[in-house]
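Chemist:
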Amino acid sequence: MTGPQQTWTPPPRQKGLIGGLLDANFDTLVTPKLIKFWYVLAIVLISLQCLAFLLLGVKIATWDDFWGWGVIMAVSSPLVWLFELLMVRILMEAVMVRFKGVEYLHVIKDKI
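In structure tokens:
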């Protein structure tokens, strides 16, 4: 190796959530930091909703007149859970793809 060696410098630190929210130039993206929280919250809410749907179906299945509807509700509850979770996942992935594209454009712009 010949020539002067460059000293190592650490990469610049990314702003945190509050720093990103207060960034008036919009150089920092906040949505990718929040998407994990929203996905976990959606899983919890969908699970609670489907659990209530299942319990209501079991309760209706004990009735004399409408027991068939209760069985249908109880059986379809896992399918509803899976469908809703799939829809939320597709939406979250679409948002992430959009924001990852913007991040990659920032990297390309910085290299030019």
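Take the sequence shown: its letter number 99 is residue 98 in numbering that gives the first Met the number 0, and every next letter is one higher. Using N, Cα and C, we set each Cβ at its ideal position, and we do this for glycine too.
(1) Helix, strand or coil: which one does DSSP assign to V94?
(2) With a Cβ-Cβ cutoff of 8 Å, do E83 and I107 count as a contact?
(3) Mind checking which residues open and close the alpha helix (DSSP H) that includes G18?
(4) How many whole angstroms separate the CB atoms of F52 and I59, which I take to be in contact at a CB cut-off of 8 Å?
(5) Check whether the segment 83 to 95 and the segment 33 to 41 touch, using three or more Cβ-Cβ pairs below 8 Å as the test.
(6) Should the segment 92 to 99 be regarded as contacting the segment 71 to 80, the criterion being three or more beta carbon pairs within less than 8 Å?
(7) If you run the structure through DSSP and keep just helix, strand and coil, what is I45?
(8) Let me check understanding here. Comparing Cα to Cα, which of F25, K14 and S75 lies closest to V101?
(9) Please say whether G67 and V57 have beta carbons closer to each other than 8 Å?
Modeler: From the atom records:
(1) helix
(2) no
(3) L16 to L20
(4) About 11 Å; that fails the 8 Å criterion.
(5) yes
(6) no
(7) helix
(8) F25
(9) no
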